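Plus 2 on top of the position in the sequence shown (first one is 1) and you've got my numbering.
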Amino acid sequence: MKIVVLGGGISTEREVSLVSAGSVCRALRSLGHRAVFVDLFLGIEEPELPLEQMFDIPDGRCGGAAIEKQAPDLKAVRASRKDQSESRIGNNVLELCRLADCVFLGLHGQDGEDGKIQAALDLLGVPYTGSGPLGSGMAMDKAVAKRIMDSCGVRTPAWQELSYTAEQIPVLTQTLPVPCAVKVVGGGSSIGVALPETREELRKALEEILRYGSRVIVEEKIRGRELTVPVLDGEALSPIEIIPPEGMDFDYVSKYQSGAQGARELCPAPITEAERALVSDAALRIHKALGLSVYSRTDFILDAQGRAWCLEVNTLPGMTPNSLIPKAAALAGLSYAQLCEKIVQLSLEQRRKERAC
Numbered sequence: 003m004k005i006v007v008l009g010g011g012i013s014t015e016r017e018v019s020l021v022s023a024g025s026v027c028r029a030l031r032s033l034g035h036r037a038v039f040v041d042l043f044l045g046i047e048e049p050e051l052p053l054e055q056m057f058d059i060p061d062g063r064c065g066g067a068a069i070e071k072q073a074p075d076l077k078a079v080r081a082s083r084k085d086q087s088e089s090r091i092g093n094n095v096l097e098l099c100r101l102a103d104c105v106f107l108g109l110h111g112q113d114g115e116d117g118k119i120q121a122a123l124d125l126l127g128v129p130y131t132g133s134g135p136l137g138s139g140m141a142m143d144k145a146v147a148k149r150i151m152d153s154c155g156v157r158t159p160a161w162q163e164l165s166y167t168a169e170q171i172p173v174l175t176q177t178l179p180v181p182c183a184v185k186v187v188g189g190g191s192s193i194g195v196a197l198p199e200t201r202e203e204l205r206k207a208l209e210e211i212l213r214y215g216s217r218v219i220v221e222e223k224i225r226g227r228e229l230t231v232p233v234l235d236g237e238a239l240s241p242i243e244i245i246p247p248e249g250m251d252f253d254y255v256s257k258y259q260s261g262a263q264g265a266r267e268l269c270p271a272p273i274t275e276a277e278r279a280l281v282s283d284a285a286l287r288i289h290k291a292l293g294l295s296v297y298s299r300t301d302f303i304l305d306a307q308g309r310a311w312c313l314e315v316n317t318l319p320g321m322t323p324n325s326l327i328p329k330a331a332a333l334a335g336l337s338y339a340q341l342c343e344k345i346v347q348l349s350l351e352q353r354r355k356e357r358a359c
């Protein structure tokens with residue numbers, strides 16, 4: 003099968019996406035697929051071969067990306083593209099996608115999980131992996147996702163949505179509750195997220211988050227154990243517990259760095275059967291309420307009273323071999339390559355169903 007694996011892009015989660023997409027591309031090629039990696043933003047400015055022959059490039063253009071300790075320098079990425087147009091899709095990307103049997107979305111964050119690329123591919127009639135445009139967009143927008151959680155009975159921390167300017171920060175610093183969680187509505191990988199405990203920390207958080215967007219949600223900070231629940235093919239996989247390094251929150255560094263700076267991930271999570279059923283039911287309920295398909299991953303806090311608080315839903319969760327959903331899939335008997343193949347096959351069936359409607 004000819005498969006384009008899209009990664010990169012111009013979101014703050016660019017580096018994570020590059021590693022996910024490269025890993026998926028290598029796995030699909032190991033199964034005999036004619037898979038080729040393409041950076042959504044950089045595209046293929048000077049193709050080595052005619053586009054129809056790109057699927058047979060020996061290395062699949064998979065590359066060797068790594069996740070650094072700091073978020074990517076997007077200004078440098080923009081400057082590196084010869085085509086300095088305003089387009090967020092690079093040269094020859096859509097042209098190559100139209101030649102594929104399927105596009106595997108190894109993207110994360112803006113332009114990947116927000117429904118935009120899904121809508122573009124739908125209009126082109128090109129099958130792609132994961133959820134469709136509407137569900138993706140609702141899940142990506144944390145304020146909309148919170149409203150869906152409230153409407154379908156999934157417990158979530160008390161929250162409010164606001165848009166603000168730098169001039170409003172002094173007043174917000176005095177009036178917003180602390181401790182709290184402040185999150186830019188379209189962020190991911192813990193970028194544009196802060197967990198201030200004091201008013202001074204809140205002031206600094208509001209100043210920092212303006213770099214990523216002025217529309218945020220401010221929610222009650224729930225203390226407890228961090229859990230995540232993958233959903234695959236309409237079933238909840240094993241919950242995973244995430245234990246950040248002592249004294250640290252589960253931020254960008256602890257998510258993606260190994261060793262002392264990295265978080266520990268316990269799969270299966272050491273929780274009771276009742277707690278497992280609770281978070282699994284909530285993950286399936288919000289997956290369905292948002293109209294998601296194929297796979298997703300939902301994050302929770304389990305408090306000391308055994309209550310599960312839903313934080314957010316990821317429609318294109320990390321897909322490096324060491325990411326959370328591959329770990330849960332391995333526990334269910336699926337190798338990393340088999341998981342990638344299953345996502346492709348389930349997605350093709352989903353797109354066929356959608357076209358038939």
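Using N, Cα and C, we set each Cβ at its ideal position, and we do this for glycine too. Quantities reported herein were computed from a predicted structural model and do not represent experimental measurements.
- Its Cα nearest to that of L109, the residue L20 stands out among P241, L20, K84, L294.
- Fully enclosed beta strand (DSSP E) runs of no fewer than 3 residues are not present anywhere in the segment 72–105.
- The alpha-carbon of S349 is positioned some 23 Å away from that of E15.
- V105 sits away from V18, with the two beta carbons spaced by 9 Å or more.
- Bounds of the alpha helix (DSSP H) holding D152 are 144–153.
- DSSP lists V231, V315 as the bridge partner or partners of T300.
- Across the structure, E277 and Q162 are spaced so that their CA atoms are roughly 27 Å apart.
- Secondary structure note for G9: its beta strand (DSSP E) is the uninterrupted segment 4–9.
- DSSP places L33 outside both helix and strand once states are collapsed to three, so it counts as coil.
- Secondary structure note for L336: it is in no beta strand (DSSP E), with a DSSP letter that is neither H nor E.
- By the neighbour-count criterion, in which 16 or more other beta carbons inside 10 Å mark a residue as buried, K355 falls on the exposed side.
- Among the bridge pairs identified by DSSP, S165 is matched with R217.
- Using a Cβ distance threshold of 9 Å, R83 and F39 do not count as a contacting pair.
- For L268, the enclosing beta strand (DSSP E) has its first and last residue at 266–268.
- Bridge pairing for I242: T230 [DSSP].
- Approximately 11 Å separates the beta-carbon atoms of P241 and V233; this is outside 8 Å, ruling out the contact.
- DSSP, read as helix, strand or coil, puts E222 in strand.
- If you draw a 10 Å sphere on the C-beta of C359, you find fewer than 16 other C-beta atoms in it, and that means exposed.
- Apart from the 5 residues on each side of it in sequence, P181 sits with its Cβ closer than 6 Å to the Cβ of E199, K223 in its chain, given in chain order.
- With 16 or more other Cβ atoms from the protein chains shown falling within 10 Å of its own Cβ, K148 counts as buried.
- Distance check between D58 and each of Q340, G139, A102 places A102 closest, using alpha-carbon atoms only.
- Within its own chain, the residues whose Cβ lies closer than 7 Å to the Cβ of Q120, once the five positions on either side in sequence are excluded, are Y130, G134, P135, S138, listed in chain order.
- With a cutoff of 9 Å on beta-carbon distance, D301 and E314 are scored as near each other.
- Counted as a single uninterrupted DSSP element, the stretch harbouring V173 is not any beta strand (DSSP E) but the alpha helix (DSSP H) occupying residues 171–177.
- Contact annotation: I171 and E221 have beta-carbon atoms that are not nearer than 9 Å.
- Excluding sequence positions up to five before and after A284, its CB lies within less than 8 Å of the CB of V156, R157, V231, T300, F302, A310, C312, all in the same chain and listed in chain order.
- Judged by DSSP in its simplified three-state form, D305 adopts coil rather than helix or strand.
- The beta-carbon distance between L96 and A78, rounded to whole angstroms, is 25 Å. This is too long to meet the 8 Å contact definition.
- Assigned with DSSP and collapsed to three states, D283 falls in helix.
- For A122, the uninterrupted alpha helix (DSSP H) segment begins and ends at 118–126.
- Within the same chain, S240, I242, K329, A330, L333 come within 7 Å of C269 by CB-CB distance, once the 5 residues on both sides are set aside.
- For the pair S13 and G114, the CB atoms are nearer than the 9 Å cut-off.
- With a 10 Å radius around the Cβ and a threshold of 16 neighbouring Cβ atoms, Q307 comes out exposed.
- With distances taken between CA atoms, N316 lies nearest to G117 out of G117, G45, E248.
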